[in-house]
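There are 2 protein chains.
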Amino acid sequence: MASEGTIRAIERMFRIAEFLGTRGPVGLSAIASSLQLPKSTVYRHLRTLEGQGYVVENEEKYTLSLRFLDLGERARGQHSEHQLAAEKVGELADRTAERAQFMIEEHGRAVYVHQQMGANAVRADTYPGKRVPIHTSAAGLAILSHYPPHRIDAIIDRHGLEAMTSRSITDPETLHDRLQRTRERGYSINDQGVIEGLRAIGAPVVGPEDTVVGGLSISGPINRMAGQRLGEELPSLLLGATNELELNITYQ
Amino acid sequence: MASEGTIRAIERMFRIAEFLGTRGPVGLSAIASSLQLPKSTVYRHLRTLEGQGYVVENEEKYTLSLRFLDLGERARGQHSEHQLAAEKVGELADRTAERAQFMIEEHGRAVYVHQQMGANAVRADTYPGKRVPIHTSAAGLAILSHYPPHRIDAIIDRHGLEAMTSRSITDPETLHDRLQRTRERGYSINDQGVIEGLRAIGAPVVGPEDTVVGGLSISGPINRMAGQRLGEELPSLLLGATNELELNITYQ
DNA sequence: GAGGATCGTTTCACCACGCGAAACGCTTAG
DNA sequence: CTAAGCGTTTCGCGTGGTGAAACGATCCTC
Numbered sequence: 002m003a004s005e006g007t008i009r010a011i012e013r014m015f016r017i018a019e020f021l022g023t024r025g026p027v028g029l030s031a032i033a034s035s036l037q038l039p040k041s042t043v044y045r046h047l048r049t050l051e052g053q054g055y056v057v058e059n060e061e062k063y064t065l066s067l068r069f070l071d072l073g074e075r076a077r078g079q080h081s082e083h084q085l086a087a088e089k090v091g092e093l094a095d096r097t098a099e100r101a102q103f104m105i106e107e108h109g110r111a112v113y114v115h116q117q118m119g120a121n122a123v124r125a126d127t128y129p130g131k132r133v134p135i136h137t138s139a140a141g142l143a144i145l146s147h148y149p150p151h152r153i154d155a156i157i158d159r160h161g162l163e164a165m166t167s168r169s170i171t172d173p174e175t176l177h178d179r180l181q182r183t184r185e186r187g188y189s190i191n192d193q194g195v196i197e198g199l200r201a202i203g204a205p206v207v208g209p210e211d212t213v214v215g216g217l218s219i220s221g222p223i224n225r226m227a228g229q230r231l232g233e234e235l236p237s238l239l240l241g242a243t244n245e246l247e248l249n250i251t252y253q
Numbered sequence: 002m003a004s005e006g007t008i009r010a011i012e013r014m015f016r017i018a019e020f021l022g023t024r025g026p027v028g029l030s031a032i033a034s035s036l037q038l039p040k041s042t043v044y045r046h047l048r049t050l051e052g053q054g055y056v057v058e059n060e061e062k063y064t065l066s067l068r069f070l071d072l073g074e075r076a077r078g079q080h081s082e083h084q085l086a087a088e089k090v091g092e093l094a095d096r097t098a099e100r101a102q103f104m105i106e107e108h109g110r111a112v113y114v115h116q117q118m119g120a121n122a123v124r125a126d127t128y129p130g131k132r133v134p135i136h137t138s139a140a141g142l143a144i145l146s147h148y149p150p151h152r153i154d155a156i157i158d159r160h161g162l163e164a165m166t167s168r169s170i171t172d173p174e175t176l177h178d179r180l181q182r183t184r185e186r187g188y189s190i191n192d193q194g195v196i197e198g199l200r201a202i203g204a205p206v207v208g209p210e211d212t213v214v215g216g217l218s219i220s221g222p223i224n225r226m227a228g229q230r231l232g233e234e235l236p237s238l239l240l241g242a243t244n245e246l247e248l249n250i251t252y253q
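Residue numbers (the working numbering), protein chains in the order written: chain G, 2 to 253; chain P, 2 to 253.
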């Protein structure tokens with residue numbers, strides 16, 4: 002875990018912060034025993050986090066502060082593509098009445114940047130900042146389909162091909178096949194690879210110099226994501242929005 | 002800045018992260034010279050952040066990763082009140098066509114938790130996680146109005162009463178007067194205290210055991226936030242939503 | 001109400017670890 | 001061809017992060 006020449010205190014701090022993020026408000030001893038760290042060490046870290054305003058203490062329970070949200074929103078707002086993508090996600094959600102999202106790749110994983118629920122959208126436990134294995138999302142597949150092979154293989158080497166359902170892609174062969182079909186078709190299909198009964202289509206958003214800035218996608222239940230709607234209507238809306246977005250990015 | 006018994010490396014790390022949050026993608030030397038830190042130190046910190054996935058490097062420029070958004074969203078989602086408040090913010094924005102928000106107090110400052118633009122809402126550079134001096138927002142004043150005096154004074158001692166416009170509250174006397182009027186009236190009014198031409202009304206959201214969980218508020222231009230609408234219509238909507246929210250929180 | 005368990009806090013001595021000056025290789029500009 | 005800038009790497013110093021242990025407060029249990 003700890004690479005060479007990196008700062009251990011900071012790595013520990015993030016372990017503590019991530020632990021606070023998964024388990025709600027929690028006390029010092031619980032953190033120390035869960036992370037197998039001495040109480041005094043955790044105490045010093047929490048005092049530091051609290052002093053910097055990144056942790057809130059309430060009745061001897063510690064919680065993450067919304068300062069992390071501040072940093073996160075700044076991270077999201079820094080790329081102008083992301084803001085332009087938000088509009089298109091809204092349009093897609095409105096016109097299809099499904100759930101639409103814009104994702105990017107970071108460190109080999111797919112990250113939700115924007116998402117919007119349409120009128121009939123199926124709920125999901127996704128939120129901005131959430132990261133999923135890149136090969137299990139339609140937007141992620143779309144992004145990969147525009148990457149050079151060595152970059153795809155590097156991601157596979159780093160993260161493997163974790164299965165989330167029985168329909169997930171699990172070996173490099175089929176992944177490359179799917180990516181090839183995605184390139185031919187112009188858009189990707191994720192058929193129940195992340196949640197049973199859920200299907201999604203995605204398209205890569207290509208910026209200047211053929212760099213992929215992210216992927217747009219539409220998700221819905223398999224009964225509505227089928228037939229002519231899946232084959233023509235939705236791809237047409239998706240590719241139309243993607244094209245407009247690419248133009249907005251290039252000529253902003 | 003550096004208190005006693007806290008970890009310097011972590012404080013430096015946040016200085017670097019916050020710097021990346023304000024200035025977009027930036028190189029190593031720019032960070033080092035701006036923060037007056039040795040290049041090798043900044044380099045080690047960036048390597049650590051990158052290794053933990055909290056910073057993304059692209060063509061020798063460093064950017065905050067959306068992992069901060071992940072942590073931030075987790076922080077926001079951890080309190081069930083916040084999720085319940087989101088609905089009410091939506092209702093208020095829809096019904097008033099203005100901008101509505103829910104804020105909480107953290108470390109003596111007011112923090113945006115949820116905000117939604119109504120159809121006629123005036124734009125503002127606010128976003129979830131943004132922090133403002135608590136006495137310059139209607140929701141913040143509403144929260145303060147339910148705090149015991151010693152807690153209010155502690156906040157004044159810590160942060161002072163910074164002015165943002167000529168109409169801002171700047172001395173403790175008038176602040177306490179305004180809070181007294183807020184208590185009598187049942188809602189607070191922020192008259193151009195943060196932006197000229199903008200007026201807002203806010204109400205405290207009180208949970209079990211008389212603890213204040215946050216504040217709801219509605220903001221709009223002074224020409225629409227006036228007369229009978231300001232005196233009756235909007236307060237009635239605001240207090241109605243607040244009351245419903247309080248019930249939802251107590252009997253969830 | 002005494003005893004025990006558990007909590008957060010504080011102390012303190014050790015030495016790993018974070019630090020920073022300097023050197024290095026590389027690219028770009030003039 | 002030189003010079004200035006960049007990110008990277010090295011390395012010895014000394015301090016700052018560490019963790020075992022003790023401490024006092026609080027909360028149960030009997």
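Yeah, the Cβ is synthetic: ideal placement off N, Cα and C, and Gly gets one too.
Computed from a predicted structure; not experimentally measured.
Can you tell me whether residue i is buried or exposed? The criterion is at least 16 other CB atoms within 10 Å of its CB, across all chains shown.
i        : result
P/GLY52  : buried
G/GLU247 : buried
P/GLU82  : buried
G/TYR252 : exposed
P/GLN37  : exposed
G/MET2   : Annotation note: pLDDT 41 at G/MET2 (below 50); position unreliable, no value reported.
G/SER34  : exposed
G/GLU60  : exposed
P/ALA155 : exposed
G/SER41  : exposed
P/ASP71  : buried
P/SER30  : exposed
G/ARG159 : exposed
P/THR1   : Since the first residue shown for chain P is 2 and the last is 253, residue 1 of chain P is missing from the structure and cannot be characterised.
P/ALA122 : buried
G/ALA242 : buried
G/PRO183 : Inspection of the sequence shows that residue 183 of chain G is occupied by Thr rather than by Pro. G/THR183 is buried by the Cβ-count criterion.
P/GLY28  : exposed
G/PRO39  : exposed
P/GLY228 : exposed
G/GLY130 : buried
Is the Cβ-Cβ distance between residue i and residue j less than 9 Å?
i        : j        : result
G/LEU238 : G/ARG96  : yes
P/PRO236 : P/GLY187 : yes
P/PRO26  : G/GLN84  : no
P/ARG48  : G/THR7   : yes
P/HIS147 : P/PRO205 : yes
P/ALA101 : P/ALA94  : yes
P/GLU163 : P/THR137 : yes
G/ILE112 : G/MET118 : Correcting the residue identity first, residue 112 of chain G is Val in this sequence and not Ile. No, these two residues do not count as a Cβ contact at 9 Å.
G/GLU1   : P/LEU67  : The structure shown does not extend to residue 1 of chain G, since chain G is modelled only from 2 through 253, so no value can be given for it.
G/VAL214 : G/ILE157 : no
P/ILE17  : P/ILE32  : yes
G/GLY203 : G/LEU217 : yes
Assuming residue i and residue j form a contact by the criterion Cβ under 8 Å, report the distance between their Cβ atoms to the nearest whole angstrom.
i        : j       : result
G/HIS115 : G/VAL90 : 5 Å
G/GLY109 : P/PHE69 : Going by Cβ atoms, the distance from G/GLY109 to P/PHE69 rounds to 18 Å, so no, they are not a contact pair.
P/ARG77  : P/HIS46 : No, P/ARG77 and P/HIS46 are not in contact; Cβ-Cβ is about 27 Å, not under 8 Å.
- With a floor of 4 residues, list each alpha helix (DSSP H) that falls wholly inside the region 23-98 of chain P, ordered by position along the chain. The qualifying runs are 29-36, 40-53, 68-78 and 81-97.
- Message: For a minimum of 4 consecutive residues, which ranges assigned as the alpha helix (DSSP H) are wholly contained in the region 172-245 of chain G?
- Response: Within the region 172-245 of chain G, the complete alpha helix (DSSP H) runs of at least 4 residues are 173-186.
- Query: For the 8 Å Cβ check, are there 3 or more pairs between the region 161-180 of chain P and the region 142-152 of chain P?
  - Reply: The answer is yes - the region 142-152 of chain P touches the region 161-180 of chain P, with three or more Cβ pairs under 8 Å.
- Message: Between the region 211-223 of chain G and the region 191-202 of chain G, can you find at least three pairs of beta-carbon atoms closer than 8 Å?
- Response: The region 191-202 of chain G, when compared against the region 211-223 of chain G, does touch it at the 8 Å Cβ threshold.
- Item | the region 53-62 of chain G / the region 195-202 of chain G touching (three or more Cβ pairs under 8 Å) | No: fewer than three Cβ pairs fall under 8 Å.
- Uninterrupted beta strand (DSSP E) stretches inside the region 116-152 of chain G (no shorter than 3 residues): For the region 116-152 of chain G, whole beta strand (DSSP E) runs of length 3 or above, ordered along the chain, are 132-134.
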